[in-house]
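The structure under discussion appears below in the form of structure tokens.
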Amino acid sequence: MELIPYTLAKNAGFSPFETVTELRRQHANGNKDFGINVRKGAVANIKEENVLQPLLVTSYAIEQASETVRKILKIDDIIIEPPKTTMPKIKRKIDSNIFLKIYGFDERQ
Numbered sequence: 014m015e016l017i018p019y020t021l022a023k024n025a026g027f028s029p030f031e032t033v034t035e036l037r038r039q040h041a042n043g044n045k046d047f048g049i050n051v052r053k054g055a056v057a058n059i060k061e062e063n064v065l066q067p068l069l070v071t072s073y074a075i076e077q078a079s080e081t082v083r084k085i086l087k088i089d090d091i092i093i094e095p096p097k098t099t100m101p102k103i104k105r106k107i108d109s110n111i112f113l114k115i116y117g118f119d120e121r122q
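Per my numbering, the very first residue in the sequence shown carries number 14; after that it's consecutive.
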């Protein structure tokens, strides 16, 4: 789950390693409400800073992810390899002089 704070720090122009390390340290010390405050450029208590993610955004993301999984599973059921059938091979004897006969040339010429 460190991918999200790492990416957020990187996109905000911070050092992702230092930011994630500081965030880990704060969480290990029991500060579970700490997160990345992009405006201040530091790890801070996001509840006190009013940096909160709306429930609607999270609900919508989960809903879309679930719908995508359902579609993938449905497609997986639809796409089935057809049974392999062997087609009979048609063997024809080809007359080697067919072109000469078509164009009216006699073999003797």
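By construction, the Cβ of each residue, glycine as well, lies at the ideal position given by its N, Cα and C atoms.
Tell me which residues share the same chain as T98 and place their Cβ nearer than 8 Å to its Cβ, disregarding the 5 neighbours each side in the sequence. Along the sequence shown, one-based indexing puts residue 98 at 85. Nothing listed; no residue qualifies.
- Using the C-alpha atoms, what's the distance from R38 back to F30? By 1-based counting over the sequence shown, the position of residue 30 is 17. By 1-based counting over the sequence shown, the position of residue 38 is 25. Straight-line Cα distance between these residues: approximately 12 Å.
- Message: Suppose you measure from the CA of N44 to the CA of G26; what does that come to, to the nearest Å?
- Response: To locate residue 44, count along the sequence shown from 1; it is residue 31. To locate residue 26, count along the sequence shown from 1; it is residue 13. Cα to Cα, the separation comes out at about 24 Å.
Would you call the segment 14 to 22 and the segment 49 to 65 in contact, with 3 or more CB pairs under 8 Å? yes
Problem set entry | Nearest-angstrom Cα separation, counted from N42 out to K84 | Along the sequence shown, one-based indexing puts residue 84 at 71. Along the sequence shown, one-based indexing puts residue 42 at 29. Cα to Cα, K84 sits roughly 42 Å from N42.
V33, buried or exposed, once every other Cβ within 10 Å from all chains shown has been counted against 16: Here residue 33 refers to the residue found at position 20 of the sequence shown. With 16 or more Cβ atoms within 10 Å of its Cβ, V33 is classed as buried.
| task | Could you check if V70 is buried or exposed, using at least 16 other CB atoms within 10 Å of its CB as the buried criterion? | result | Against the sequence shown, residue 70 aligns to sequence position 57. It is exposed - the Cβ of V70 has fewer than 16 other Cβ atoms within 10 Å.
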